[in-house]
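Numbering (our numbering), first residue to last: 151 to 291.
We put the CB at the ideal spot given by N, CA and C, even for glycine.
Heads up, the thing below is written out as structure tokens.
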Amino acid sequence: MSIDPPPSTASASANLQRTAEAFFDEFDRAFATFDGAVVAARYAAPYLAVRSDGSSECFVTNDAIATYFHRLLDDYRQQGCRTCRHQDLRVVEAGSAAAFATVTWRLLDDDGRSVHTWRESYNLLLSNGRFRACASVSHSR
């Protein structure tokens, strides 16, 4: 994965914010497919997932990331989840080609009722004009 060169304008921070918003909008759409490979396409290998209890898993290949998300999506579907929405996006610039982003996730059932809600933070790297997540940390509420 190549890292994009730094932008030459003062609007770099606004661009990173828009790019982060696009990342999470795309994630919402990918989630709706319930296809682990589609969700995993937004992640960089290796990828570190840290749960709210402090346990973690590291995935060193794209296939391993896809398998992880397939397992999560299956679990969410069994809990009655049919879609997800993000809200309360906060982005902190980490240089010109990276950011830390935190969102609140809401998993929703067929009637739009919340099945599960949590906060999660991401380390995002800019590559080819798009963010990819290399790590995430789930927060307990």
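Judged by DSSP in its simplified three-state form, ARG192 adopts coil rather than helix or strand. Judged by DSSP secondary structure, ALA285 falls within the beta strand (DSSP E) whose first and last residues are 280-289. Partner residues in the beta bridge of TYR272, as assigned by DSSP, are ALA251, SER286.
Between ALA191 and ASP238, the alpha-carbon positions lie close to 23 Å from each other.
Relative to the Cα of TYR197, the nearest Cα in the group TYR272, SER290, LEU276 belongs to TYR272.
Taking a 10 Å sphere around the C-beta of GLY186, we find 16 or more other C-beta atoms and assign the residue as buried.
By the CB criterion at 7 Å, VAL253 and HIS236 fall inside the cutoff. Distance from the Cα of SER202 is smallest, within the candidate group GLU270, ALA285, TYR218, for GLU270.
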